[in-house]
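In the numbering used here, the protein residues as written are 25 to 289. For each residue, glycine too, the CB sits at the ideal point set by N, CA and C. The model shown is predicted, which means the values in this text are computed figures rather than measured ones.
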Ligand code: NAD
């Protein structure tokens, strides 16, 4: 595996869903570390504007693709090989959320969430491995705290992210022999376009009651964890899920009560 020891300036990362939010922050962080970045997204205008704003045309490739479409996925990896000839990191970040109760979740919504959040990373990984194995590298799948603990309204979203969490382990076990590490980052709530769409005032209040650090995370805080897992510093880490969640996964009952007592005490 040569990738972990090669200089950052020669490394290439492909980030899906890179036009905005957590993926955009990850792309910015890779660029700041000297990497070249392939930004893939299905929102063309936002993608093109975001890529141009980095003002690094020699190190940025914007690909207008849909991770749930097999022909798009194949074409994307062809373009990466043609442009850069190598791939050191793949961040399967593109995702969609449908929040609703089990009995009100249409099959179409379920299928769409699974196609983007599970089948997308499956196809992207299969397409990327032939190029990645030439140097070795790292894959990071973006799951969610909804993959770690169940709650209401997340039947499709939470199940898709739990599947991606297990897919992470399957990939880690199989791809280790190619010198490819695979880990997951499970974000807590981050105030991106996705959160603005599905986090009602009630959900926001619930999160504040359930998060020891008592705030939403920042896209940049997620980017730090993603880029770390792709770095030489993480060279012996594979098959793990890192929750970047302000302590959500660690806590159980009692947090609002404790806070109230602290305020009153
Ligand atoms: P976002 O909506 O701001 O960004 C997601 C990006 O993915 C968008 O640019 C969108 O166009 C792109 N995308 C979606 N489907 C695509 C597809 N089929 N093909 C190509 N691009 C596609 O959301 P975000 O909050 O930055 O989410 C990033 C990841 O983090 C997602 O996987 C999400 O599930 C996960 N996550 C987010 C939160 C949160 O609170 N924001 C919490 C846990 C996990």
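Can you give me the start and stop residues for the beta strand (DSSP E) that residue i sits inside?
i           : result
residue 142 : Neither: residue 142 is in no beta strand (DSSP E) and is coded neither H nor E.
residue 46  : Premise fails: residue 46 lies in the alpha helix (DSSP H), 45 to 56, not in any beta strand (DSSP E).
residue 88  : 84 to 88
residue 250 : No beta strand (DSSP E) contains residue 250, which is instead part of the alpha helix (DSSP H) from 243 to 253.
residue 266 : 265 to 268
Relative to ligand 1, is the shortest distance from any of its heavy atoms to the C-beta of residue i smaller than 7 Å?
i           : result
residue 248 : no
residue 169 : yes
residue 95  : no
residue 175 : no
residue 267 : no
residue 286 : no
residue 66  : yes
residue 89  : yes
residue 72  : no
residue 62  : no
residue 9   : Given that the chain is displayed from residue 25 to residue 289, the structure contains no residue 9 and the question cannot be resolved.
residue 127 : no
residue 119 : yes
residue 52  : no
residue 192 : no
Which residue marks the beginning of the alpha helix (DSSP H) containing residue i, and which one marks its end?
i           : result
residue 230 : 225 to 234
residue 184 : 179 to 199
residue 280 : 279 to 288
residue 72  : 68 to 77
residue 97  : 94 to 107
With DSSP as the reference, please indicate the residues paired to residue i in a beta bridge.
i           : result
residue 37  : 61 and 113
residue 124 : 178
residue 210 : 267
residue 135 : Note: residue 135 sits in no beta bridge, so no partner.
Is it a yes or a no for the segment 65 to 73 touching the segment 143 to 150, going by three-plus beta-carbon pairs under 8 Å?
no
Quick test of the definition: if touching needs 3 or more C-beta pairs under 8 Å, does the segment 86 to 95 touch the segment 51 to 70?
yes
Using 8 Å as the cut-off, can you tell me whether the segment 105 to 117 makes contact with the segment 28 to 47, which would need three or more C-beta pairs spanning the two stretches below that distance?
yes
Does the structure place the segment 231 to 251 close enough to the segment 188 to 203 that three or more beta carbon pairs sit under 8 Å?
no
Does the structure place the segment 277 to 286 close enough to the segment 251 to 260 that three or more beta carbon pairs sit under 8 Å?
no
Spell out a yes or no on whether the segment 227 to 241 and the segment 266 to 281 are touching, meaning 3 or more CB-CB pairs, one atom from each, closer than 8 Å.
yes
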